[in-house]
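Residues 1 to 698 in the working numbering are what the first sequence lists, from first letter to last.
First comes the structure, then the notes that go with it.
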Amino acid sequence: MITDVKEMRDLAASMMGRDFAFDVETSGLRAHQDRTLGLSLSYVDDNDDIVSEYVVFEHTLPSADDDTFGIPHDFIARSDAVAALTPVFAQTEVAMSAHNMAFDLGFLWKMGLDPKGELHDTMIGEFLLNENRESYGLKQTAERVFGARMAVYKNLHHYLNFAKEEFMAVPLEPAAAYAEDDTKYTYLLFERQLPMLDEEGLLTVFERLSMPLCRVIAEMQVKGFALDMAKVAELREEYGAISATHEHAVWSAGMDMIADWQEQGEDIPDTYLKMIDHLVKDGVPVQARVDDNNAPYDVHVRGRAVPVFQKTKRTKPRVPYFNVGSRTQLADLLYGYYGITVPTKVKVKTNKDGTVGVDKDTLKIIKHFMGDKAPKVLDDLLEWRKADKLIGTYLDPFSRMADPDDNYAIRANFNQTIARTGRLSSSSPNLQNVPSRGELGKKVRSLFVARPDHALIVCDYSQLELRLLAHYSQDEALLRAFTENLDLHTMTGARQAGLTYEELAERVANEDPEAKLLRTIGKSANFGLSYGMGAKKYQVYLLVNNGIYFDIEDVQKQIDGFNEAYPRLYAWKQEVFEEVRRKGYVKTIGGRKRRLPEIYSGDIWEARAAERQAVNVKAQGGGADIVGLAMIRIQERVRPYNAYNVVQVHDEIVVESPTEHAETVLQIVKDSMIEVNNLLKCPLAVEGTIGPNWYEAK
DNA sequence: ACATAGCGCGCG
DNA sequence: AAAGCGCGCGCTATGT
Numbered sequence: 001m002i003t004d005v006k007e008m009r010d011l012a013a014s015m016m017g018r019d020f021a022f023d024v025e026t027s028g029l030r031a032h033q034d035r036t037l038g039l040s041l042s043y044v045d046d047n048d049d050i051v052s053e054y055v056v057f058e059h060t061l062p063s064a065d066d067d068t069f070g071i072p073h074d075f076i077a078r079s080d081a082v083a084a085l086t087p088v089f090a091q092t093e094v095a096m097s098a099h100n101m102a103f104d105l106g107f108l109w110k111m112g113l114d115p116k117g118e119l120h121d122t123m124i125g126e127f128l129l130n131e132n133r134e135s136y137g138l139k140q141t142a143e144r145v146f147g148a149r150m151a152v153y154k155n156l157h158h159y160l161n162f163a164k165e166e167f168m169a170v171p172l173e174p175a176a177a178y179a180e181d182d183t184k185y186t187y188l189l190f191e192r193q194l195p196m197l198d199e200e201g202l203l204t205v206f207e208r209l210s211m212p213l214c215r216v217i218a219e220m221q222v223k224g225f226a227l228d229m230a231k232v233a234e235l236r237e238e239y240g241a242i243s244a245t246h247e248h249a250v251w252s253a254g255m256d257m258i259a260d261w262q263e264q265g266e267d268i269p270d271t272y273l274k275m276i277d278h279l280v281k282d283g284v285p286v287q288a289r290v291d292d293n294n295a296p297y298d299v300h301v302r303g304r305a306v307p308v309f310q311k312t313k314r315t316k317p318r319v320p321y322f323n324v325g326s327r328t329q330l331a332d333l334l335y336g337y338y339g340i341t342v343p344t345k346v347k348v349k350t351n352k353d354g355t356v357g358v359d360k361d362t363l364k365i366i367k368h369f370m371g372d373k374a375p376k377v378l379d380d381l382l383e384w385r386k387a388d389k390l391i392g393t394y395l396d397p398f399s400r401m402a403d404p405d406d407n408y409a410i411r412a413n414f415n416q417t418i419a420r421t422g423r424l425s426s427s428s429p430n431l432q433n434v435p436s437r438g439e440l441g442k443k444v445r446s447l448f449v450a451r452p453d454h455a456l457i458v459c460d461y462s463q464l465e466l467r468l469l470a471h472y473s474q475d476e477a478l479l480r481a482f483t484e485n486l487d488l489h490t491m492t493g494a495r496q497a498g499l500t501y502e503e504l505a506e507r508v509a510n511e512d513p514e515a516k517l518l519r520t521i522g523k524s525a526n527f528g529l530s531y532g533m534g535a536k537k538y539q540v541y542l543l544v545n546n547g548i549y550f551d552i553e554d555v556q557k558q559i560d561g562f563n564e565a566y567p568r569l570y571a572w573k574q575e576v577f578e579e580v581r582r583k584g585y586v587k588t589i590g591g592r593k594r595r596l597p598e599i600y601s602g603d604i605w606e607a608r609a610a611e612r613q614a615v616n617v618k619a620q621g622g623g624a625d626i627v628g629l630a631m632i633r634i635q636e637r638v639r640p641y642n643a644y645n646v647v648q649v650h651d652e653i654v655v656e657s658p659t660e661h662a663e664t665v666l667q668i669v670k671d672s673m674i675e676v677n678n679l680l681k682c683p684l685a686v687e688g689t690i691g692p693n694w695y696e697a698k
């Protein structure tokens, strides 16, 4: 390890001109608030030996009188290390590798180091070489590839006066050895991957798309997306009340059921009995009196009289309590107590244990077929779920994760090695599933705001995936719709019904209800049928999304109509099926590989699923390639205006820009998104706007 | 007390 | 018997 400046300078000197791997050890996972404790570096010297050194900035030394205690100690000043390493990282002709580089970049940038060489993220490399693995962690990968058994961090000994998770808490020698192993295996992976990527024809997508995109992602993760916390709190209040109202209605119905069981002399299952003190702890209003033995009686839960159950003297007293969030209890209520019979005309969702689902789609189907006879509690349940989802998945986590020191920014992770199609995924929190549709979408997206003196630029591709399908299939009608900027849903609806586009478009413009229905069907067809949805599922889709019921025969006719509407599209899909059967994989337009070994499965349904995945990845993955290239271009071109990417939602890009440059930046973003299309024989279209928040910029 | 599977639901 | 694809996450039920 390296613990003084002189050694540091010697190391830097000996690294010049050589490929190297790097890895930061930190006090936490967030670059904006946590510290870099040290830097591990590996390279190969003149003797072809791999050299690994841990450069220590900050660590612990054992206490003089008690080696179970560690004393914080400063080693090399970061500024000295950075000064020595700046020329190393500034080299452009050497390869610089790291495992999960976006993470390291955040910390390096904060210290003032920016790797300028040929970047190589070994995690992404491993993903491109096989996107079907379960894990791309360094330890698992090193074990699989080299048979290396790397130390498990959690098992390292640590000083007792530190939290176990802290790297600082691990005594210096084993800590350094651990860090050095990280870059050693990263370097070995880098050496091994390069020729493999080349052999598989993946070098271009790696160097021109994945690695430049890694820098964009690192920046997005550092910057984050600002929130209007006052409005978050407001919305939390509003929906807290809405949630409580509907929850109470469903709860009361459930409690009626339990009371009914009692009257019938039936047992109340244990899962319905809750300990009184647990309810109190959860904030449920409970009134009770206690007798001489301190046993509760005359108990009211939420103002409702309930019996008390106490099996033995040693067990705590329990009361019946209906849990509105429990699927099993809801199924008891709906299919037992209310005796709702499941519609047979359409297929409803069943669970693994054979029970009927209580999901939104099933409830909507029930409502459709029962009409006025449907219990009112269904609406309360649907409304409660909506409000509860909003609070539990979005508002409360946002409040917890917002950074009060930077405009309540949310810093999500964007991962390049999760989605097998090559899309990004987002987590902690997921910013790619923030509500966008309907009234709720408006309210929630309005919470995401531009920082002071900034504006948001929101641009999205219109029908990106279908344009890829048009490109590949060269279907005349599909291409015409996109080159002439026609309404695609009208086009599909017209062709399904055997009408011309012009005829249906005019009737839709004149508010002809029958024509509007045809367009609606066309829209559903575009979303559902492009990737091979079957009749039964499509029937449900039409009913749940549009409230229209068709017999299964009519649904099949619509599917046939869709396939006949775009005959070249249908033919091209068959070609893709053959391609994946022949090669076992397909490639996207950006050169990414999607291996589908299930295509050779003896299970015909599994093989068919692989066929559909092959078609889907050409569109979805190709779209992801294009959006990625656009983001790279955007990052380079808006930086002079101090603008930057803040989020990507698959076909949508959000950029934050100083207000004074917003118009310029909008034009750059739109241009960039269009210009990356030197790959497609189908034009692209981008819609973009400027606004103070995520909704109003849309 | 803790981990995992399954469901349900938000997005493109 | 079975025919959209791709995600992340909160919650309950279940098992250890």
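Using N, Cα and C, we set each Cβ at its ideal position, and we do this for glycine too.
These numbers were taken from a predicted model, which means no experiment stands behind them.
Arg-595, DSSP secondary structure in three states = Arg-595 falls in the strand class under three-state DSSP.
task = Just confirm the distance between the C-beta atoms of Ile-674 and Val-686, as a whole number of angstroms; I'd bet it's less than 8 Å.
result = 6 Å
task = Kindly indicate which three-state DSSP category Lys-386 falls into: helix, strand or coil?
result = helix
Residue of Val-319, Lys-443, Glu-465 and Ile-599 minimising C-alpha distance to Tyr-239 = Lys-443
task = Give me the Cβ distance between Ser-27 and Arg-35, rounded to the nearest whole Å; I'm assuming they're in contact under 8 Å.
result = With a beta-carbon spacing of about 4 Å, Ser-27 and Arg-35 fall inside the 8 Å limit used to define contacts.
Cut-off 8 Å between Cβ atoms - residues of its own chain near Phe-577, not counting five sequence neighbours on either side = Glu-611, Ala-614 and Val-615
inquiry  = Taking the beta carbon of Val-290 as the centre, do at least 16 other beta carbons fall within 10 Å, making it buried, or is it exposed?
reply    = exposed
key: Beta-carbon gap between Met-16 and Val-82 smaller than 8 Å   = no
message = Suppose only complete runs of 4+ residues qualify. What are the alpha helix (DSSP H) ranges in the segment 134-168, listed by chain order?
response = 138-146
ask   = When the Cα atoms are used, what is the spatial distance from Ala-31 to Leu-684?
value = 37 Å
query = Cα separation between Pro-343 and Cys-682?
reply = Rounded to the nearest whole angstrom, the CA to CA distance from Pro-343 to Cys-682 is 44 Å.
request  = Name the residue from Phe-206, Ile-690, Phe-107 and His-120 whose alpha carbon lies nearest to the alpha carbon of Glu-93.
outcome  = Minimum Cα distance to Glu-93 is reached at His-120.
inquiry  = Give me the residue from Thr-483, Ala-95, Glu-134 and Lys-164 with the minimum Cα distance to Leu-188.
reply    = Ala-95 is the residue among Thr-483, Ala-95, Glu-134 and Lys-164 whose C-alpha sits nearest the C-alpha of Leu-188.
key: Expected contact under 8 Å - CB spacing of Gly-106 and Val-222 to nearest Å   = 5 Å
request  = Tell me, to the nearest whole angstrom, how far the beta carbon of Met-491 is from that of Ala-477; I am working on the premise that it is less than 8 Å.
outcome  = 6 Å
request  = List the endpoints of the continuous alpha helix (DSSP H) containing Gln-463.
outcome  = Taken as a continuous stretch (DSSP letters only), Gln-463 belongs to no alpha helix (DSSP H), as it is neither H nor E.
Where the alpha helix (DSSP H) containing Tyr-178 begins and where it ends = Here the alpha helix (DSSP H) through Tyr-178 covers 172-199.
message = Along the chain, where does the beta strand (DSSP E) containing Ala-21 start, and where does it finish?
response = 20-26
query = What separation, rounded to the nearest whole angstrom, lies between the Cα atoms of Gln-648 and Arg-411?
reply = 13 Å
Which of helix, strand or coil DSSP assigns to Pro-658 = strand
query = Candidates Gly-688, Asp-603, Gly-591 and Asp-198: which alpha carbon is nearest Gly-621's?
reply = Gly-591
request  = Tell me whether His-650 sits in a helix, a strand or coil according to DSSP, three-state version.
outcome  = If DSSP states are grouped into helix, strand and coil, His-650 belongs with coil.
query = What's the C-alpha gap between Gly-265 and Gly-303?
reply = 23 Å
query = Between Glu-118, Thr-122, Leu-113 and Asp-114, which lies nearest to Asn-100 when the distance is taken from Cα to Cα?
reply = Thr-122
inquiry  = If distances are taken between C-alpha atoms only, which option among Phe-322, Leu-440 and Asp-228 comes closest to Met-401?
reply    = Asp-228
ask   = Rounded C-beta distance between Thr-183 and Ala-13? I'm assuming under 8 Å.
value = The Cβ separation is near 18 Å, so there is no contact.
key: Cut-off 6 Å between Cβ atoms - residues of its own chain near Asn-677, not counting five sequence neighbours on either side   = Leu-684
query = Looking only at its own chain, which residues have a Cβ that is under 6 Å from the Cβ of Tyr-321, when we skip the five neighbours before and after it?
reply = Lys-274
inquiry  = Give the list of continuous beta strand (DSSP E) stretches no shorter than 3 residues that lie fully inside the segment 369-446.
reply    = 413-415 and 425-427
request  = Would you tell me roughly how many angstroms separate the C-alpha atoms of Gly-371 and Ile-365, rounded to the nearest one?
outcome  = Going by the C-alpha atoms only, they are around 10 Å apart.
request  = Would you tell me roughly how many angstroms separate the C-alpha atoms of Leu-378 and Ala-244, rounded to the nearest one?
outcome  = 15 Å
Rounded distance between the beta-carbons of Asp-23 and Asp-104, thought under 8 Å = About 6 Å separates the beta carbons of Asp-104 and Asp-23, which is inside the 8 Å limit, making them a contact pair.
request  = Figure out for me which residue from Gly-283, Glu-219, Ala-249 and Asn-294 has the closest Cα to the Cα of Leu-330.
outcome  = Nearest option by C-alpha distance: Ala-249.
task = Specify, as a first and last residue, the run of the beta strand (DSSP E) that Tyr-337 falls within.
result = Unbroken run through Tyr-337: none, as it is neither H nor E.
request  = Could you tell me whether the segment 469-487 touches the segment 420-428, using the rule of 3 or more Cβ pairs below 8 Å?
outcome  = no
task = Alpha carbon to alpha carbon, how far is Leu-680 from Tyr-585? Give it in angstroms, no decimals.
result = 21 Å
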